[in-house]
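Read the structure below first, then the notes.
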Amino acid sequence: DTEVTQTPKHLVMGMTNKKSLKCEQHMGHRAMYWYKQKAKKPPELMFVYSYEKLSINESVPSRFSPECPNSSLLNLHLHALQPEDSALYLCASSQDMGLAGAVVRTDTQYFGPGTRLTVL
Amino acid sequence: GDSVTQMEGPVTLSEEAFLTINCTYTATGYPSLFWYVQYPGEGLQLLLKATKADDKGSNKGFEATYRKETTSFHLEKGSVQVSDSAVYFCALSISGGSNYKLTFGKGTLLTVNP
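Here's what the structure looks like:
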């Protein structure tokens, strides 16, 4: 099973709203990712969590706040977004393995179906 | 830096035609190579992958061979179907390091007509 689920599928919000995107995987993967994808473009990496710790923040504005409450869940909290933040937000996961005290990364990322976000 | 170049298309074919989408890469180190497919309104699905030189990835009739000498990973299918209409992304990832990044090509839109 290589399924990553995301909710909601669609989200419309105003610039003053606070909302959250949710991502879940049950593959035992210990690395999870948020990407932003604009129309007709490849995905752009936003955040990476490894073993529930934030590993990479690609200089994302603070109006996007990630959270990893446990190894299966990843949230993206949204506040005071701008219309240009409208995009498809994709979650992905991959299998990291703890090996002799180090984290050995494996490459294959599995993506969820995405949340289509519209900011009015 | 690492980069992926793929033919941008759009590519329009008739059903049962032969498909090739070219992908070349530049990378420091030893990358793993991937093809992802994105159907309209959906997320990315892993189509196939190869982790070392001369490996051939295959899935659903699609194939790609990791060619280190030409730094290429071209996607091929012998007979496309209307249901193959989608955007195809070539991507690379550097194995074993602390870098979690997938480097994507710009994507190729494929339309298959009946």
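Respectively, the protein sequence lines represent chains A and B. Under the working numbering, the first residue of the first sequence is numbered 232, with each subsequent residue one higher. Under the working numbering, the first residue of the second sequence is numbered 28, with each subsequent residue one higher. A virtual CB, placed ideally from N, CA and C, is assigned to each residue, including glycine.
- Residue environment for residue 52 of chain B: buried (at least 16 other C-beta atoms within 10 angstroms of its C-beta).
- Residues of the stretch 269-289 of chain A with a C-beta less than 8 angstroms from any C-beta of chain B: 271, 272, 273, 274, 276, 279, 281, 286, 287, listed in chain order.
- The beta carbon of residue 49 of chain B lies closer than 6 angstroms to those of 34, 101 in the same chain, with the five residues before and after it left out.
- Going by DSSP, residue 326 of chain A is part of no beta strand (DSSP E) at all; its letter is neither H nor E.
- The three-state secondary structure of residue 315 of chain A, taken from DSSP, is helix.
- Taking 9 angstroms as the cut-off between beta carbons, the residues of the stretch 67-98 of chain B near chain A are 68, 69, 70, 71, 72, 73, 76, 78, in sequence order.
- Listed in chain order, the non-local C-beta contacts of residue 269 of chain A below 7 angstroms within the same chain comprise 318, local neighbours out to five positions each way being set aside.
- About 13 angstroms separates the beta carbons of residue 341 of chain A and residue 75 of chain B, which is beyond the 8 angstroms limit, so they are not a contact pair.
- Residue contact check for residue 102 of chain B against chain A: no CB pair falls below 9 angstroms.
- In the three-state DSSP reduction, residue 99 of chain B falls in the strand class (E or B).
- Within the stretch 236-315 of chain A, the complete beta strand (DSSP E) segments at least 3 residues long are 241-244, 249-256, 262-268, 275-281, 284-288, 295-301, 304-310, listed from N- to C-terminus.
- Taking every protein chain shown into account, the CB of residue 260 of chain A has 16 or more other CB atoms within 10 angstroms, so this residue is buried.
- Put simply, the backbone Cα of residue 141 of chain B is about 27 angstroms away from that of residue 273 of chain A.
- Residue-level contact check: residue 120 of chain B touches chain A, since one or more beta carbons of chain A fall below 9 angstroms from its beta carbon.
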